[in-house]
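Q: Dropping the structure in here first, questions after.
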Amino acid sequence: MAAPLYRDASAPVEARVRDLLARMTLREKAAQMAQIERGVASPRALAELGAGSVLNAGGSAPRERASPADWAAMVDGMQRHALASRLGVPILYGTDAVHGHNNVYGATVFPHNVGLGATRDAELARRIGEATALEVRATGIHWTFAPCVAVCRDPRWGRCYESYSEDPEIVRSLTTIVSGLQGQLPADHPHGYPFLASVRENVLACAKHFVGDGGTDKGLNEGNAICSYEDLEAIHMTPYPDCIAQGVATVMASYSKWNGEPLHSSRYLLTDVLKGKLGFKGFVISDWEGIDRLCEHRGSDYRYCISQSVNAGMDMIMIPHRFEKFLEDIVFLVETGEIPMSRIDDAVERILRVKFISGVFEHPFSDHSLLDIVGCKEHRLLAREAVRKSLVLLKNGKDQKAPFLPLSKNAKRILVSGTHADDIGYQCGGWTIAWHGDSGKITLGKMELCFAQTNICSYKFFRTSYILYFVLSSNCLT
């Protein structure tokens, strides 16, 4: 008996999509639209129920200080269960590798987007994308929820550090990281069609958070962007056409609202604009429990949340925990006509398209030969270059004729002050091992302070806190 067409790697992607879609039951289609957290990705959820995707929350790992090999083993184990499902559809595993493979102990950590924005260096962003992709693929992971292309217009927004700039043109110029992550697009590639150059060296990217997340009133997180469509397009939407032109595979919807309408239920923005006007042919994913926020009391009417979001154009739901409830409710909504079957088919077509393009059907497991790349010297030197280029000197001392920097080679003592000066966790910021970041020696690596302690003849360090400490030594450069 001949193998089904969707198993034929030489067949056109769209033919494979149609063939597999025609073989799927409603429940199997619904399961492809579900992304679940690794903690609930049981053999039953993957093999019997056929979940389409898995992610790890920030700080969720196979074990404390899990090695890259631990991560690869975990993802491979999940993939084996997925391949044991009736149709053998592999999962896509996604993670927030937003400044390097930042969830993995020992991986290279790059500056956050606010630092990269200060470099104004599009080629550097692309190279960082390449390095990040290699480290992510080494752990068997196929997809990163990056880049964040928010245009932060109010510094009170707590996620400003995830934005390249308040200037949409600077943000647009640094979307080159998409080509670094996914690979260089061929000149004849169809516009808006998702792309991946190499299953071994590249990962699927995700432009986020569509749209206006950096422009909410008073900088309120998950707030309301109050502006005309013309301003929304000219400021906050500016980076998305460039991402789409580079073949970005996925787009994540924003928690925020636009003039009072939640993005997670905006048919106009998700379907008419993103998929229609901008020509995006990948799939749209919700944010973490994003659809639950469509109820006044979060998730209280889950069927309503699903109906509003899916009908608006949401293709995959980052559930992340109520998988079986999601399946039950979405099947009910289709069977009762509240969600048309055509909308389900469109969503699953988009998801399968990305899966076939990613090469995960042919290469479902990790490549152990890549493991030594994670945290390698070459990538750490690239991170060092990025840090160096991101530094902004506002004022170089009081006298231009006697600048403070560079420091005198004859300096005997240097005073370094500040609560974060000797804390690699604080210096790395959020999305580093834990979602909110953490203090202390949270990952491998050294700071300039270590060099100073080793090489300066006489050295004292003073920590600032709620209690005032006085400098007890003289002849210090401060």
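Read in the working numbering, the sequence shown has 7 at position 1, and its numbers run on one by one without any break.
For glycine and all other residues, C-beta sits at the position ideal for the given N, C-alpha and C.
1. Tell me where the beta strand (DSSP E) around glutamine 188 begins and ends.
2. For valine 337, I'd like the list of residues in its chain whose CB is within less than 7 Å of its CB, leaving aside the five on either flank, ordered along the chain.
3. CB leucine 276 to CB alanine 231, shorter than 7 Å?
4. Could you tell me the boundaries of the beta strand (DSSP E) in which methionine 320 lies?
5. Would you mind working out which of Ala75, Arg133, Ile42 and Leu280 sits nearest tyrosine 99, comparing C-alpha positions?
6. Just checking proline 370 against the ligand NAD - is the residue's beta carbon closer than 6 Å to any of the ligand's heavy atoms?
7. Kindly indicate the opening and closing residues of the alpha helix (DSSP H) around glutamate 43.
8. Could you say if the stretch 16-30 and the stretch 355-372 meet the contact criterion of at least three C-beta pairs nearer than 8 Å?
9. Where in the stretch 43-126 do unbroken runs of the alpha helix (DSSP H), each at least 4 residues long, occur, reported from the N-terminal end onward?
10. Please classify lysine 281 as buried or exposed, where buried requires at least 16 neighbouring CB atoms within 10 angstroms.
11. Measuring CB to CB, does serine 262 end up less than 7 Å from glutamate 228?
12. Short of 7 Å in beta carbon distance, which residues of its chain neighbour alanine 51, apart from the five on each side in sequence? Order them along the chain.
13. Return helix, strand or coil for histidine 210, following the three-state DSSP convention.
14. Going by other Cβ atoms of all chains shown within 10 Å of its Cβ, with 16 needed for buried, is histidine 327 buried or exposed?
15. Enumerate in chain order the residues of its own chain whose CB-to-CB distance from phenylalanine 332 is below 8 Å, with the five nearest sequence positions on each side excluded.
16. With a threshold of 8 Å, are at least 3 pairs of Cβ atoms found where one atom belongs to the stretch 149-165 and the other to the stretch 240-253?
17. With the cut-off set at 7 Å, would you say serine 364 and leucine 202 are in Cβ contact?
18. For methionine 320, I'd like the list of residues in its chain whose CB is within less than 6 Å of its CB, leaving aside the five on either flank, ordered along the chain.
19. Near leucine 450, what residues of its chain come up, given a Cβ to Cβ distance below 8 Å and the 5 sequence neighbours on each side ignored?
20. Could you check whether alanine 255 and glycine 146 sit closer than 7 Å to each other, using their CB atoms as the reference points?
21. Which whole-angstrom value is the C-beta distance of threonine 138 and leucine 187, which I expect to be below 8 Å?
22. What's the gap between the Cα of serine 315 and the Cα of glutamate 295?
23. Here's the rule I'm using: 16 or more other beta-carbon atoms within 10 Å means buried, otherwise exposed. How should valine 398 be labelled?
24. Which runs of the beta strand (DSSP E) fall wholly inside the stretch 416-456 and span at least 3 residues, in chain order?
25. So glycine 198 and glycine 285 are supposed to be a Cβ contact under 8 Å. How far apart are they, rounded?
26. Contact check, leucine 27 vs glutamate 355 under 8 Å by CB: the rounded distance?
27. Within this structure, are the beta carbons of histidine 215 and methionine 258 separated by less than 7 Å?
28. Rounded to whole angstroms, what's the CA-CA distance from arginine 299 to tyrosine 310? Just pull it up for me.
29. Report yes or no: do the stretch 130-137 and the stretch 79-87 share at least 3 C-beta pairs separated by less than 8 Å?
30. Would you mind sorting threonine 150 into buried or exposed? The rule is 16 or more other CB atoms within 10 Å of its CB.
31. Buried or exposed: where does glutamate 141 fall if 16 or more other Cβ atoms within 10 Å of its Cβ makes it buried?
32. Report buried or exposed for asparagine 402, applying the criterion of at least 16 other Cβ atoms within 10 angstroms of its Cβ.
33. Name the one or two DSSP bridge partners that phenylalanine 216 has.
34. With C-beta atoms as the reference, is aspartate 248 less than 7 Å away from arginine 178?
35. Is it right to say histidine 148 is buried, meaning 16 or more other beta carbons lie within 10 angstroms of its own, or is it exposed?
36. Please state the DSSP three-state secondary structure of glutamate 295.
A: By the coordinates alone:
1. Mapped onto the sequence shown, residue 188 falls at position 182. Element bounds for glutamine 188: not the beta strand (DSSP E) but the alpha helix (DSSP H), 183-188.
2. Stepping through the sequence shown from its first residue, residue 337 is reached at position 331. Same-chain partners within the cutoff: Leu32, Arg33 and Ala36.
3. On the sequence shown, position 270 is the one that residue 276 refers to. On the sequence shown, position 225 is the one that residue 231 refers to. The beta carbons of leucine 276 and alanine 231 sit no closer together than 7 Å.
4. Counting from 1 along the sequence shown, the entry for residue 320 is found at position 314. Neither: methionine 320 is in no beta strand (DSSP E) and is coded neither H nor E.
5. Within the sequence shown, numbered from 1, the residue matching residue 99 stands at position 93. Distances from the alpha-carbon of tyrosine 99 to those of Ala75, Arg133, Ile42 and Leu280 put Ile42 closest.
6. The model on display carries no ligand, and the ligand NAD is accordingly not part of it.
7. Position 37 of the sequence shown holds residue 43. Glutamate 43 -> not in any alpha helix (DSSP H); beta strand (DSSP E) instead, spanning 40-43.
8. Yes, since at least three Cβ pairs between the stretch 16-30 and the stretch 355-372 fall closer than 8 Å, the two stretches touch.
9. Runs of the alpha helix (DSSP H) lying entirely within the stretch 43-126 and spanning at least 4 residues, in chain order: 74-89 and 119-125.
10. Translated into the one-based positions of the sequence shown, residue 281 becomes position 275. Burial state of lysine 281 is buried, judged by a 10 Å Cβ sphere holding 16 or more other Cβ atoms.
11. Counting from one through the sequence shown, the residue named residue 262 turns up at place 256. Counting from one through the sequence shown, the residue named residue 228 turns up at place 222. The answer is yes: Cβ separation under 7 Å.
12. What you label residue 51 is simply residue 45 of the sequence shown in a count that begins at 1. Taken in chain order, the residues that qualify are Ile42, Ala57 and Phe329.
13. The residue you call residue 210 lines up with position 204 of the sequence shown. First, the amino acid is wrong: residue 210 is leucine here, not histidine. In this structure, leucine 210 counts as strand in the three-state DSSP scheme.
14. On the sequence shown, residue 327 is found 321 positions in, with the first residue counted as 1. Histidine 327 is classed as exposed because its beta carbon has fewer than 16 other beta carbons within 10 Å across all chains shown.
15. The residue given as residue 332 occupies position 326 in the sequence shown. For phenylalanine 332, where only same-chain residues beyond five positions count, the Cβ hits under 8 Å are Ala36, Ala40, Tyr308, Ile312, Ile323 and Ile325.
16. In short, these stretches touch, since the Cβ pair count reaches three.
17. In the sequence shown, the residue the question calls residue 364 occupies position 358. In the sequence shown, the residue the question calls residue 202 occupies position 196. Yes, Cβ-Cβ distance for serine 364 and leucine 202 is below 7 Å.
18. Taking the sequence shown and counting its residues from 1, the one referred to as residue 320 is at position 314. If we look at methionine 320 and ignore the five residues flanking it on each side, its Cβ neighbours are Val290 and Ser292.
19. As a working note, residue 450 is residue 444 in the sequence shown. For leucine 450, same chain residues with a beta-carbon under 8 Å away, outside a window of 5 residues either side, are Tyr111, Gly112 and Gly381 in chain order.
20. Taking the sequence shown and counting its residues from 1, the one referred to as residue 146 is at position 140. Taking the sequence shown and counting its residues from 1, the one referred to as residue 255 is at position 249. No, the pair does not count as a contact, with Cβ atoms beyond the cut-off.
21. For the purposes of this step, residue 138 is identified with residue 132 of the sequence shown, where counting begins at 1. For the purposes of this step, residue 187 is identified with residue 181 of the sequence shown, where counting begins at 1. Sure, about 7 Å apart at Cβ, within 8 Å.
22. In the sequence shown, residue 315 corresponds to position 309, counting from 1. In the sequence shown, residue 295 corresponds to position 289, counting from 1. Those two C-alpha atoms are separated by around 12 Å.
23. As a first step, residue 398 is located in the sequence shown; it is residue number 392 there, counting from the start. Label assigned to valine 398: exposed.
24. Every unbroken stretch of the beta strand (DSSP E) spanning 3 or more residues and falling wholly within the stretch 416-456 is given here in chain order: 419-423.
25. Position 192 of the sequence shown holds residue 198. Position 279 of the sequence shown holds residue 285. About 4 Å separates the beta carbon of glycine 198 from that of glycine 285, a gap short enough to meet the 8 Å contact definition.
26. Locating residue 27 in the sequence shown gives position 21, counting from the first residue. Locating residue 355 in the sequence shown gives position 349, counting from the first residue. The beta carbons of leucine 27 and glutamate 355 sit about 6 Å from each other, so the pair counts as a contact at 8 Å.
27. Counting from 1 along the sequence shown, the entry for residue 215 is found at position 209. Counting from 1 along the sequence shown, the entry for residue 258 is found at position 252. Yes, they are a contact pair.
28. Looking up residue 299 in the sequence shown gives position 293. Looking up residue 310 in the sequence shown gives position 304. Each residue's alpha carbon lies about 11 Å from the other.
29. Per the Cβ contact rule, the stretch 130-137 is not in contact with the stretch 79-87 (fewer than 3 Cβ pairs under 8 Å).
30. The residue given as residue 150 occupies position 144 in the sequence shown. That one is buried.
31. Counting from 1 along the sequence shown, the entry for residue 141 is found at position 135. Of the residues assessed, glutamate 141 falls on the buried side of the cut-off, its CB having 16 or more other CB atoms within 10 angstroms.
32. Position 396 of the sequence shown holds residue 402. It counts as exposed.
33. Sequence index remark: in the sequence shown, residue 216 carries index 210 (1-based). Per DSSP, Ala259.
34. Within the sequence shown, numbered from 1, the residue matching residue 248 stands at position 242. Within the sequence shown, numbered from 1, the residue matching residue 178 stands at position 172. The answer is yes: Cβ separation under 7 Å.
35. Your numbering for residue 148 matches position 142 in the sequence shown. That one is buried.
36. Here residue 295 refers to the residue found at position 289 when the sequence shown is read from its first residue. If DSSP states are grouped into helix, strand and coil, glutamate 295 belongs with coil.
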